[in-house]
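In what follows, a structure is listed as structure tokens, so that the remarks can point back to it.
2 protein chains.
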Amino acid sequence: MVDVDTQPGHGPSSPLRLRRASTAQLVADALREQILSGQLRSGAQCQELQLTAALGVSRNTLREGFQILIAERLLVREAHRGVFVRRLSAADVRDIYAVRRLLECAAVASPGAARGLPEMRVAVDDGHAAAARGDWYEVGGADVRFHLAITASVGSSRLDRTMRALFAELRLAFQLTPDARALHEPFLDRNRDLVTLVENGSADEAGAELARYLDEAENMLLSSLVRR
Amino acid sequence: MVDVDTQPGHGPSSPLRLRRASTAQLVADALREQILSGQLRSGAQCQELQLTAALGVSRNTLREGFQILIAERLLVREAHRGVFVRRLSAADVRDIYAVRRLLECAAVASPGAARGLPEMRVAVDDGHAAAARGDWYEVGGADVRFHLAITASVGSSRLDRTMRALFAELRLAFQLTPDARALHEPFLDRNRDLVTLVENGSADEAGAELARYLDEAENMLLSSLVRR
DNA sequence: CGGTATAGCTTGTTCAACAATCCAACAAGT
DNA sequence: ACTTGTTGGATTGTTGAACAAGCTATACCG
Numbered sequence: 047m048v049d050v051d052t053q054p055g056h057g058p059s060s061p062l063r064l065r066r067a068s069t070a071q072l073v074a075d076a077l078r079e080q081i082l083s084g085q086l087r088s089g090a091q092c093q094e095l096q097l098t099a100a101l102g103v104s105r106n107t108l109r110e111g112f113q114i115l116i117a118e119r120l121l122v123r124e125a126h127r128g129v130f131v132r133r134l135s136a137a138d139v140r141d142i143y144a145v146r147r148l149l150e151c152a153a154v155a156s157p158g159a160a161r162g163l164p165e166m167r168v169a170v171d172d173g174h175a176a177a178a179r180g181d182w183y184e185v186g187g188a189d190v191r192f193h194l195a196i197t198a199s200v201g202s203s204r205l206d207r208t209m210r211a212l213f214a215e216l217r218l219a220f221q222l223t224p225d226a227r228a229l230h231e232p233f234l235d236r237n238r239d240l241v242t243l244v245e246n247g248s249a250d251e252a253g254a255e256l257a258r259y260l261d262e263a264e265n266m267l268l269s270s271l272v273r274r
Numbered sequence: 047m048v049d050v051d052t053q054p055g056h057g058p059s060s061p062l063r064l065r066r067a068s069t070a071q072l073v074a075d076a077l078r079e080q081i082l083s084g085q086l087r088s089g090a091q092c093q094e095l096q097l098t099a100a101l102g103v104s105r106n107t108l109r110e111g112f113q114i115l116i117a118e119r120l121l122v123r124e125a126h127r128g129v130f131v132r133r134l135s136a137a138d139v140r141d142i143y144a145v146r147r148l149l150e151c152a153a154v155a156s157p158g159a160a161r162g163l164p165e166m167r168v169a170v171d172d173g174h175a176a177a178a179r180g181d182w183y184e185v186g187g188a189d190v191r192f193h194l195a196i197t198a199s200v201g202s203s204r205l206d207r208t209m210r211a212l213f214a215e216l217r218l219a220f221q222l223t224p225d226a227r228a229l230h231e232p233f234l235d236r237n238r239d240l241v242t243l244v245e246n247g248s249a250d251e252a253g254a255e256l257a258r259y260l261d262e263a264e265n266m267l268l269s270s271l272v273r274r
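Chains as they are written, first to last, in my numbering: chain A, 47 to 274; chain B, 47 to 274.
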């Protein structure tokens, strides 16, 4: 699952300190789950009174939880109107892919890219396995893990967080498309090809291929969006 | 000033919609200002009762404001202990520079880098002007604007936000160094050189120079940190 | 001196109230 | 019919007070 630990930056000192999550954090986790799994649809309103009842927390705590997801850009607040599940525009999708192109291509073409290979291979296999049993939602999950593995090779926790947040947002767009299969299937083999390129140390070629890859993915996603 | 509009993602439709900031947002803005200007020192505790009195807001609203800055990583919360101004470790600095190297080098070497030239030039001039009058704090501000101009050339609002947040965090480290001049002076001319390289369309050379640049900046910052 | 209870303070969470704002429905005027 | 007030109900924004839970330091005891 894609989850973003926006919360308590590791306490200054202790690497071994058990901390139970705050209620607000639990609220955010629960809502994020609902959003990413599609149970809370894009554009849906999150009414305070209704959610306090459903989650069994107070209004103030719920609002603290909202703030977490607003910072993650999964929710948006409109003053005095309410909180809504973010609805991605075509411009948002283009913006996200612009970031992906810059970051992922740079990461995959960098010398350290090979460090991500083990996880990339796992994700590729997971994707094919999920496709074999027709679970296109999970294919999407495996695809996210594949691309996460690319940027994770840089070894920066901040970059990880950024990418996780970006993909969580992108999933909002995936949900708007009618045909998950058409969206993900073409990239199963291309992910495998990308692994091969990285294995062979063809840095520039991998970067170029990924750039084309992302362009096509963006166009597919965009064209499937305008249809509604 | 570096400010991150984590808040209300532009309302779904309207490009022309006036919105007053919520109190929680104002609280976050005020605290961010205090933190970045150094009045709230790194590591300092933000006591709820004290701040509610100082800001004239309720505890609940203050806590909503906290959440915003926690998401921006300027504050950290330790359960039942309190909220503190983030204190950057050496590992944090290295992490930040790893991201900067990837992003900025890719951006400056990309075809669209020239789009950022006007703002880059302004920032360079601002920096030299500030240096001439010995205002090293403002030299730091101009330097941030310079690097922001590089990534802004990509044209992604998400990338802008990410970089702004990154630089806000980095400023926490700047504050820990005793000698702002030593930290910033060497890069006044190198920024100028970078402008020239981009003007000439020497993409690869600009990327390589920026990589060296960031390595040195990182080392300087790190060595000035260990001293305390 | 080291360990442990105790007390005080701060944070975590809830609840209830009121103010500000939005929204839909209705009334009135052109 | 179409716009323009007006009004009332519902929702969000913010507050204050209360209590529970968890830290921290002091004082106490072996």
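Built from N, CA and C at the ideal position, the CB exists for glycine as well.
The segment 154 to 171 of chain A makes no contact with the segment 211 to 223 of chain A: fewer than 3 CB pairs, one atom from each, lie closer than 8 Å. The three-state reading of DSSP puts Gly-201(B) in coil, since its state is none of H, G, I, E or B. Closest in alpha carbon position to Tyr-183(B), among Arg-105(B), Leu-163(B), Arg-227(B), Gly-253(B), is Arg-227(B).
If the five residues before and after Ala-195(B) are omitted, its C-beta is found closer than 7 Å to the C-beta atoms of Gly-162, Glu-165, Met-166, Ala-169, all from its own chain and listed in chain order.
Look at the segment 199 to 228 of chain B: the residues with a C-beta under 8 Å from a C-beta of chain A are Val-200, Gly-201, Ser-202, Ser-203, Arg-204, Leu-205, Thr-208, Leu-212.
Within the segment 120 to 148 of chain B, the runs of beta strand (DSSP E) at least 3 residues long that lie entirely inside it are, in chain order, 121 to 124, 128 to 131.
With its beta carbon at least 8 Å from every one in chain B, Arg-258(A) lies outside the interface. Distance from the Cα of Ser-104(A) is smallest, within the candidate group Glu-150(A), Leu-72(A), His-126(A), Gln-85(A), for Leu-72(A). Per DSSP, Val-244(B) is one residue of the alpha helix (DSSP H) stretching across 232 to 245. Residue-level contact by beta carbon holds for Asp-141(A) and chain B, with a gap shorter than 8 Å.
The beta carbon of Ile-114(B) sits closer than 8 Å to some beta carbon of chain A. Per the C-alpha coordinates, the member of Ser-88(B), Gln-221(B), Leu-268(B) positioned closest to Arg-132(B) is Ser-88(B).
Closest in alpha carbon position to Val-154(B), among Ser-269(B), Asn-246(B), Ser-270(B), is Asn-246(B).
Counting every other CB atom within 10 Å of its CB across the protein chains shown gives His-126(B) a total below 16, marking it as exposed. Annotation: the continuous alpha helix (DSSP H) that includes Glu-94(A) extends over 94 to 101.
Residue-level contact check: Asn-106(A) touches chain B, since one or more beta carbons of chain B fall below 8 Å from its beta carbon. Going by beta carbons, Leu-86(B) and Leu-115(B) fall outside the 8 Å limit.
Looking only at Arg-191(B), Ser-135(B), Asp-141(B), Ser-248(B), the smallest Cα-Cα distance to Arg-207(B) is reached by Arg-191(B).
Taking the beta carbon of Ala-144(B) as reference, the chain A residues within 9 Å of it are Val-200, Gly-201, Ser-202, Arg-204, Leu-205, listed in sequence order. A distance below 7 Å between beta-carbons, with the five flanking residues on each side excluded, links Tyr-143(A) to the following residues of its chain, in chain order: Leu-260, Glu-264. The beta carbon of Thr-107(B) sits closer than 7 Å to those of Thr-69, Ala-70, Val-73, all from its chain and outside the five residues before and after it, given in chain order. Ala-117(B) sits buried, since 16 or more C-beta atoms from the chains shown fall within 10 Å of its C-beta. In this structure, Thr-223(A) places its C-beta atom within 8 Å of the C-beta atom of Leu-267(A).
Around the beta carbon of Leu-95(A), a 10 Å sphere encloses fewer than 16 other beta carbons of the protein chains shown; the residue is thus reported as exposed. Residue burial is scored here from C-beta neighbours: Glu-110(B) has at least 16 other C-beta atoms within 10 angstroms and is therefore classed as buried.
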